[in-house]
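Read the sequence shown against the numbering used here and you will find it ends at 297, with the numbers running on by one and no gaps.
Positions of the beta carbon are idealized from the N, C-alpha and C atoms, including for glycine.
Contents: one structure, followed by commentary.
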Amino acid sequence: MSRSNSFIAGPLCFAATLVITSGCVSAKKYEALEADLGKAQGELSAARGEIITLLGAHGCAPRLPLSAFLPEWPDPAIRDAFYTAFQRAEVAIDALRPGDRIRPTLVRGSGVALWHVSGVIEIPVQSDDIGVVYHEAFHGAFHGSALHRGDNERWGEGLCDTFRYFMEERYHSTTPSPWLVQARKALAEPDVLRSDSETVIRRYVLPMVLIVKHVDTDYATFAASWRRWQDEPPDLSKLFGYTPP
Ligand SMILES: [Zn+2]
53 MSRSNSFIAG
63 PLCFAATLVI
73 TSGCVSAKKY
83 EALEADLGKA
93 QGELSAARGE
103 IITLLGAHGC
113 APRLPLSAFL
123 PEWPDPAIRD
133 AFYTAFQRAE
143 VAIDALRPGD
153 RIRPTLVRGS
163 GVALWHVSGV
173 IEIPVQSDDI
183 GVVYHEAFHG
193 AFHGSALHRG
203 DNERWGEGLC
213 DTFRYFMEER
223 YHSTTPSPWL
233 VQARKALAEP
243 DVLRSDSETV
253 IRRYVLPMVL
263 IVKHVDTDYA
273 TFAASWRRWQ
283 DEPPDLSKLF
293 GYTPP
């Protein structure tokens, strides 16, 4: 797909998913299909196949196929759970204006979480840390975006964690991960973070807290800000009164 085509694919796809009469995947239909993902293995595969078929039939950008997702992983249940989360991330990122998003080419299990410019993603596969896929998936959006320039690059980890926070709240809020529990605590006590010297706090947690508060803990506001920032990238450190290391 050419750059100009991929530039418009996201918004077009997003619009189509919201129009129930268009024949594309309606929000209601999509949610029903997602509910199916919690059922038996056979039903799960069928529902997932239908989602991908319907999305593909209406010109939405191709998603990472299951064959390229943890291909060597021995436990199909955990692989399916991670793949479902990864698909949600891809759909959400395409519904933002993804710009020149760098698309994932392979996700493999690893001892570390790493995003590569080639599109290869490494993730530690731990059942209580599924949210890592949201963070790593968003690196592709950030690195292809207008914000990946100059000093704004410092905000990449905070933006990826912001996306992770909203996705975990949307899909995993009733059984929060240890990461989400910590994120909620950080959001409740932002001033404590300012004096923390730990790199992970200063590079990931505090920037995430500042961004989430800036958008009033509202994903739609974050999405609107993200799109606006692509047209006119602000100096994020000036905007937030903070410079991540
Ligand atoms: Zn990262």
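When distances are taken from the beta-carbon of histidine 266 to the heavy atoms of ligand 1, even the shortest one reaches 7 angstroms or more. Here isoleucine 263 carries a helix assignment [DSSP, helix/strand/coil]. Glycine 196 sits in coil when the DSSP states are folded into three classes, being neither helix nor strand. By the Cβ rule, the segment 178 to 188 counts as touching the segment 130 to 149, because three or more pairs are nearer than 8 angstroms.
Of the candidates Asp203, Ala198, Gly202, Ala193, the residue whose Cα lies closest to the Cα of threonine 214 is Ala193. Cβ-Cβ distances below 7 angstroms link threonine 295 to Arg206, Ser289 in the same chain, with the five nearest sequence neighbours on each side left out; the list follows chain order. Taking the Cβ atoms as the reference, alanine 276 lies roughly 19 angstroms from valine 261, outside the contact range of under 8 angstroms. Looking at the backbone, the Cα of alanine 84 and that of alanine 137 are separated by about 16 angstroms. Remark: the C-beta of histidine 200 is outside contact range of ligand 1, defined as less than 7 angstroms to any heavy atom. In terms of Cβ geometry, tyrosine 223 and alanine 235 do not form a close pair [threshold 8 angstroms]. At least one heavy atom of ligand 1 falls within 7 angstroms of the beta-carbon of histidine 191. In the DSSP assignment, leucine 245 falls within the unbroken alpha helix (DSSP H) covering 242 to 246.
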